[in-house]
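Engineer:
Numbering (our numbering), first residue to last: 20 to 263.
(1) Closer than 6 Å by C-beta to residue 250: which residues in its own chain qualify, once you throw out the five before and the five after it? Chain order, please.
(2) On a Cα-Cα basis, can you pick out the residue from 112, 218 and 39 that is closest to residue 206?
(3) Taking 8 Å as the cut-off, decide whether the C-beta atoms of residue 239 and residue 128 are in contact.
(4) From residue 260 to residue 171, what distance separates their C-alpha atoms?
(5) Mind checking who residue 17 pairs with in its DSSP beta bridge?
(6) Taking all protein chains shown into account, decide if residue 123 is buried (16 or more other Cβ within 10 angstroms of its Cβ) or exposed.
(7) Name the two residues that bound the continuous alpha helix (DSSP H) containing residue 162.
(8) DSSP three-state call for residue 128: helix, strand or coil?
(9) Taking DSSP as the reference, what is the three-state secondary structure of residue 108?
(10) Please report the residue range of the alpha helix (DSSP H) in which residue 175 lies.
(11) Tell me the start and end of each unbroken beta strand (DSSP E) in the stretch 200–239 that is at least 3 residues and wholly inside, in chain order.
(12) Determine the closest residue to residue 140 out of 37, 156 and 114, with distance taken between C-alpha atoms.
(13) Would you mind working out which of 119, 55, 186 and 121 sits nearest residue 133, comparing C-alpha positions?
(14) Which same chain residues, not among the five before or five after residue 242, have their C-beta less than 8 Å away from its C-beta?
(15) Would you mind working out which of 109, 80 and 173 sits nearest residue 59, comparing C-alpha positions?
(16) Let me know the secondary structure DSSP gives residue 137 once reduced to three states.
(17) Please state the DSSP three-state secondary structure of residue 273.
(18) Rounding to the nearest angstrom, what Cα-Cα distance links residue 108 and residue 39 in this structure?
(19) Quick check on residue 31: buried or exposed, where buried means 16 or more other Cβ atoms within 10 Å of its Cβ?
(20) Report back the beta-carbon spacing between residue 188 and residue 142 to the nearest angstrom; my notes put them in contact at under 8 Å.
(21) Quick check: what's the CA-CA separation for residue 106 versus residue 61?
(22) Could you check which residue in 64, 113 and 119 has the C-alpha nearest to that of residue 98?
(23) Apart from the five residues just before and just after residue 182, which ones in its own chain have a Cβ nearer than 7 Å to its Cβ?
(24) Considering just the uninterrupted stretch of the alpha helix (DSSP H) at residue 88, what are its terminal residues?
(25) Here's a check: name, in chain order, each residue in its chain whose Cβ is nearer than 6 Å to the Cβ of residue 26, leaving out the five neighbours to either side.
What follows is the structure, encoded as C-alpha cells:
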C-alpha cells in the first residue's frame, strides 16, 4: 500500500482541530546505580483531536517512557503535559488515577491479558475498575468485541486465540470505556505482517470512523505508514524527519 492511501480522516487539517494533548519541554530522568539516566530530553509535541500519530524510533530511545508520561503513568522530571489546556501533573495522584481510568485507553505489545479470563472478561476489566455495574460492563465489552470482530470468540481464553486475536481483545479492552485518548505501545511488535496489518487497519478505522485520538509508538516504518502524521524519536528528542 502506498503512503498516499493513509490520508487523515475528515476534511479538517490537524491544525484546525482542537488541541488534545500537548507536551512542553518534557524531560524524564531515572536514578541508577551508575548515576542519572536521561531518557526524554526536552520533548515537545502537540496532538489534536481525531489524529492518529505515530512516534517512530529504535528500541531504547524512550518511546514507552513518552507514552507513560502522556498517559499519566509516570510524572515527568521537568516540563509540562497539558490535556485540553489543563496542566495534567498539577493534579493529585488520585485525580491522575481517575484521569487514566476515564480518559485513556492503553494497548500493549504483549497484550497483558489475564490467562484464566475469557476474551469477554478481559474486555470488561476497565469498566469494572470504573465500578460500573457488571451487567453494564458486560454490555460494553460485548460491543467492543463486536467492534474488533471477535463476537464469536468472546468465550475463548487467551491461550485459545491467535496473537492477532489476542491483540484485538487488547484493543477491545482499550476502547471499552470510550476513552478520549488511546495510547498504543508497539501494537504490532509481536505479530506477523498479516496479523499486524489487521490490527493497524482496525486502529485506523477507530480513528477515521469513530474519531478516536491515537498515539502509537513503533520501531516499524511500515506500521507508522498507517498514521496520519509521523514523528521520530532519537536520543530522547523528537523530530519531524527520520533519523539517518
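Built from N, CA and C at the ideal position, the CB exists for glycine as well. None of these values were measured; they are calculated from a predicted model.
Structural biologist: Let's see:
(1) 74 and 257
(2) 218
(3) no
(4) 43 Å
(5) With the chain running from 20 to 263 in the structure shown, residue 17 is simply not present.
(6) buried
(7) 153–166
(8) coil
(9) helix
(10) No alpha helix (DSSP H) holds residue 175; DSSP gives it neither H nor E.
(11) 200–204 and 232–237
(12) 156
(13) 186
(14) 73, 206, 207, 215, 219 and 235
(15) 80
(16) coil
(17) Past the boundaries of the shown model lies residue 273; the chain is included only from 20 to 263, so the question cannot be answered.
(18) 15 Å
(19) Because the pLDDT of residue 31 is 44, which lies under 50, any placement of that residue in the model is unreliable, and the number read from its coordinates should be weighed accordingly. Per the 10 Å Cβ criterion, exposed.
(20) 6 Å
(21) 17 Å
(22) 64
(23) 209, 210 and 214
(24) 82–89
(25) Its pLDDT being 37, under 50, residue 26 is placed unreliably in this model, and the value from its coordinates should be taken loosely. So no residue of the chain qualifies.
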